[in-house]
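**Q** One structure, pasted below without further comment.
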Amino acid sequence: MQSTFTGVEIGKRSMVAHQTGMTTIGHNLSNASTEGYSRQRVEFSPFEPIYLPGLNREETPGQIGQGTVVERIQRVRDELLDKRIIAQGSGEGYWDTRDKYVLQLERLYNEPADVSIRGRMDAFWDAWQELSLHPADSAPRKAVIERGKTLIDSIKERYKGLTSLQNMAEEDIQGTVKRVNELSRQIAGLNEQIQKIKAQGDNPNDLYDRRDLLVEKLSSIIDITTDYRDPDEFIIHTAGNVLVQGRIGRQFDLVSGIDTEGFSHVVWKESGEEAHFASGSLKALIEMRDVTLRNEIQSLDSMTMNFIDLVNEAHRPGYGTNGKTGLDFFTEHPFVTNVAGNYDRNGDGVYDATYIFRMTGQNKLDSRAQIGLEGTLSLSGQSGLVQVPYYATDTVADVVRRINNSGAEVVARLDREGRLTLKGTPAADPANPDFVIRHVEDSGRFLEGYAGLLQNRGPEGAFRWDQADSALQLQGTAADYAVAPIAHPSGWIEVNPALVKEPASIASGYGENGKPANPGNGEAALAIASIRNSDVMVGKLGTFDDYFADAVARVGLMGEQSDRALETQNLIMKQLKDMRDSISGVNIDEELSQMIKYQHGYAAAARFISTVNEMLDTIINRMGV
């Protein structure tokens, strides 16, 4: 038999349930502007009836209900959509970060024409042209000195700008890694709290929202995927490893390496293994520092090295008005002080490597002449050796062109006397030094007898950088090769102090038969001025103008690519987040309608209790003898 007070209990349960609904609505409304908050809904279910099926149940016309209770407070969330947003977040983070750095790179290259490197280089060539017309005057010589200085200042300024961007990226990497470590710790801590609350049978909705927000922030920094090993163990994967598993949050560390010029590598703290990310802002920073900006610095270094080498090559045999000769116009800082290029690479006190930037053959060649020889050149490349074949019907120009288009990190040209010159280029692998020729070998006679560069053919006559005294494999004297320059010559070159002190030593003409040039001879100055429009840049770029055009186009295309990619990523993320907001976001109108429903439900329950109370009052106080 049911209790007399059953109605009061049913009304009380209804009031409690609707009060919980009202409280939840208030919670939703107060968090309508909270980042990452998901609206919550109260799910009601009927309380267990009085009589369950059994042989001992009372004979009643049916099960008698006992009101309603709150089954759960559930947040409204689409897990598949959340995973899609997390997967897309790394792409948006990557392009957002890259776009900011490319914008700064564009500003660095967009110099006013009169102070740009190109403008000042044009002024430098004009000064030499003027000197060729008035070789006996001192004023053109002073102009050459001053314009050389301003040109060097512009080159150094761009180098400083590029290195400052690299250092900025390094600082951002350090801060970003700390942020990733902090997020992984916080997510692991939330996992622990969530597990404890779920063990008590509750739904920690606000903790879920907090964790999802942190995971979304993490997804913009590194590429991650999420999963559950069981209903209670939340897992995050990245870079082929587990980053967070339940209450355990793994950490990253930063380790400096000589292969990245002292910049830091991101490694797993436990194993020391380097972490390789596929996307995200951290990937963009590492790529910008180690690839994009490094390539720009190497390109500037390559232009600078070839520029000063060619100017010095034309200036060195010339004579000044004071009769002096053999002077370089620009001063290069060698990487090694040993005249043979020998270097102690492993630091054990014994020479074990040869660092040579340029080597020149002894024989004068005609670029149009057929070589009449066959063989294969083996030159150092990005990974291993690059094979460059040559044939009897090839001209010297054909062989030079084939070397420069082979992808080897060795390039070729004929100097002003027609001798074959090989030069080292910036290395693609950070572990290898820039402007160092690492391997030159010829299976035939082109480099040996024809060009007069190597002493022997085959492996026994090959030039190899990984051993000392490799310069002995070259024909001629030390004047026919140059040791490698100090790292990043664009930041260290300067006009020869001897010329600054005595401008009369600036070469303007070439002598004959060992005799100094006549005061009116301007051949040397004209030869330097003609470098402006000559095919002098080794590799695939023909002139210095090609270099500047290529640099501007390259940076401009980078900016266009990053801008369009970021716009695309932003549109995709906006659509996904708008879809999520339509599902999980707090809608004020909808919440107010729910509030009215719960308000009326609460009032109805209160009225029901009042009616039952009147009935009980009649039974208790008005029935009697």
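Positions 772 to 1396 (the working numbering) are the ones given, in order, by the sequence shown.
Here a beta-carbon is modelled for each residue, glycine too, at the ideal position from N, C-alpha and C.
Exposed or buried, Phe776, counting other C-beta atoms within 10 Å across all chains shown (16 or more means buried)?
**A** Under this definition Phe776 is an exposed residue.
**Q** For Thr1096, which beta-bridge partners are listed by DSSP?
**A** Thr1096 pairs with Tyr1090.
**Q** Name the DSSP beta bridge partners of Ala1124, please?
**A** Tyr1114.
**Q** Which residues mark the beginning and the end of the alpha helix (DSSP H) in which Glu901 is found?
**A** Where Glu901 is concerned, the enclosing alpha helix (DSSP H) stretches over 888 to 904.
**Q** What residue range is occupied by the uninterrupted alpha helix (DSSP H) comprising Asp1169?
**A** Start and end: 1167 to 1175.
**Q** Who are the Cβ neighbours of Leu1218 in its own chain at under 6 Å, not counting the five residues just before and after it?
**A** Cβ within range, chain order: Leu1224, Leu1225.
**Q** Are the beta-carbon atoms belonging to Tyr979 and Arg848 less than 9 Å from one another?
**A** It is a contact, given that the beta carbons lie within the stated cut-off.
**Q** First and last residue of the beta strand (DSSP E) that includes Gly1146?
**A** 1146 to 1151 is the span of the beta strand (DSSP E), which, as asked, contains Gly1146.
**Q** Roughly how many whole angstroms lie between the Cα atoms of Thr1248 and Val1110?
**A** The alpha-carbon atoms of Thr1248 and Val1110 are separated by roughly 11 Å.
**Q** Distance check for Asn1358 and Gln1016, CA to CA, integer angstroms please.
**A** Computed Cα separation, rounded: 34 Å.
**Q** Taking Arg1235 and His1210 to be in contact with their CB atoms under 8 Å, please state how far apart those CB atoms are, rounded to whole angstroms.
**A** Contact holds; Cβ gap of about 6 Å.
**Q** Determine the burial state of Thr794: buried for a count of at least 16 other Cβ atoms within 10 Å of its Cβ, exposed for fewer.
**A** Per the 10 Å Cβ criterion, exposed.
**Q** Please report the distance separating the alpha-carbon of Gly972 from that of Asn799.
**A** Spanning the two alpha carbons is a distance of roughly 22 Å.
**Q** Confirm, please, whether the CB-CB distance from Pro1197 to Ser1301 is below 9 Å.
**A** Taking 9 Å as the Cβ cut-off, Ser1301 and Pro1197 do not qualify as a contacting pair.
**Q** Just to check my reading of the structure: Gly1091 and Ala1278 have Cβ atoms closer than 8 Å, yes? What is that Cβ distance to the nearest angstrom?
**A** That pair is a contact at about 6 Å.
**Q** Taking only the alpha-carbon atoms, compute the straight-line gap between Gln1246 and Gly1132 and give it to the nearest angstrom.
**A** Spanning the two alpha carbons is a distance of roughly 7 Å.
**Q** If you draw a straight line from the alpha carbon of Gly946 to that of Ala1233, how long is it in whole angstroms?
**A** Approximately 47 Å, taken between the alpha carbons.
**Q** Between Trp899 and Ala1253, is the Cβ-Cβ spacing less than 9 Å?
**A** Against a cut-off of 9 Å, the Cβ pair of Ala1253 and Trp899 comes out as no contact.
**Q** Determine the closest residue to Thr934 out of Arg1021, Arg1060, Arg1378, Arg878, with distance taken between C-alpha atoms.
**A** For the residues Arg1021, Arg1060, Arg1378, Arg878, the minimum Cα distance to Thr934 belongs to Arg1060.
**Q** Output yes or no for whether 9 Å exceeds the beta carbon distance between Ser925 and Arg891.
**A** Yes; because the gap between Cβ atoms is below 9 Å, this pair is in contact.
**Q** So what does DSSP say about Ala1198, is it helix, strand or coil?
**A** The answer is coil: DSSP assigns Ala1198 none of H, G, I, E or B.
**Q** Considering only their Cβ atoms, is the gap separating Ser1050 from Tyr808 smaller than 9 Å?
**A** Contact flag unset, no.
**Q** Hey, could you find the ends of the alpha helix (DSSP H) Phe1315 is sitting in?
**A** Unbroken alpha helix (DSSP H) run through Phe1315: 1315 to 1355.
**Q** Beta carbon of Leu1144, beta carbon of Val1159: below 9 Å?
**A** Their beta carbons are not under 9 Å apart, which means Leu1144 does not touch Val1159 by this criterion.
**Q** Just how far apart, CA to CA, sit Thr1314 and Arg1184?
**A** For Thr1314 and Arg1184, the distance between alpha carbons rounds to 13 Å.
**Q** Can you tell which of Asn1066, Tyr1162, Asp1237, Lys1040 has its C-alpha closest to the C-alpha of Thr1125?
**A** Of the candidates Asn1066, Tyr1162, Asp1237, Lys1040, the one whose C-alpha sits nearest the C-alpha of Thr1125 is Asp1237.
**Q** By Cβ distance, which residues of its chain are closer than 7 Å to Asp994, with the 5 residues on each side in sequence left out?
**A** If we look at Asp994 and ignore the five residues flanking it on each side, its Cβ neighbours are Ser861, Thr1009, Phe1048, Ala1049, Ser1050, Gly1051.
**Q** Please classify Gly1007: does DSSP put it in a helix, a strand, or coil?
**A** At residue 1007 the sequence reads Ile, which differs from the Gly that was named. Strand at Ile1007.
**Q** Put Arg950 into one of helix, strand or coil per three-state DSSP.
**A** Residue state, collapsed to three classes: helix.
**Q** To the nearest angstrom, how far is it from the Cα of Ile1367 to the Cα of Ala959?
**A** For Ile1367 and Ala959, the distance between alpha carbons rounds to 40 Å.
**Q** Between the alpha carbons of Ala1199 and Asn1304, how many angstroms are there, rounded?
**A** Rounded to the nearest angstrom, the two C-alpha atoms are 29 Å apart.
**Q** Quick check on Gln1365: buried or exposed, where buried means 16 or more other Cβ atoms within 10 Å of its Cβ?
**A** Classification for Gln1365: buried.
**Q** Hey, Met1076 and Phe895 are a contact pair by Cβ (cut 8 Å); roughly how many whole angstroms apart?
**A** Actually they do not touch by this definition, with Cβ atoms about 16 Å apart.
**Q** Would you mind giving the Cβ-Cβ distance between Ser1027 and Gly1033, rounded to the nearest angstrom? I have them listed as a contact below 8 Å.
**A** Right, the Cβ-Cβ distance comes to about 5 Å (below 8 Å), so this counts as a contact.
**Q** Pull up the distance between the alpha-carbon of Ala1239 and that of Tyr1161, whole angstroms please.
**A** One C-alpha to the other measures close to 29 Å.
**Q** Please report the residue range of the alpha helix (DSSP H) in which Tyr1161 lies.
**A** Taken as a continuous stretch (DSSP letters only), Tyr1161 belongs to no alpha helix (DSSP H), being part of the beta strand (DSSP E) at 1156 to 1161.
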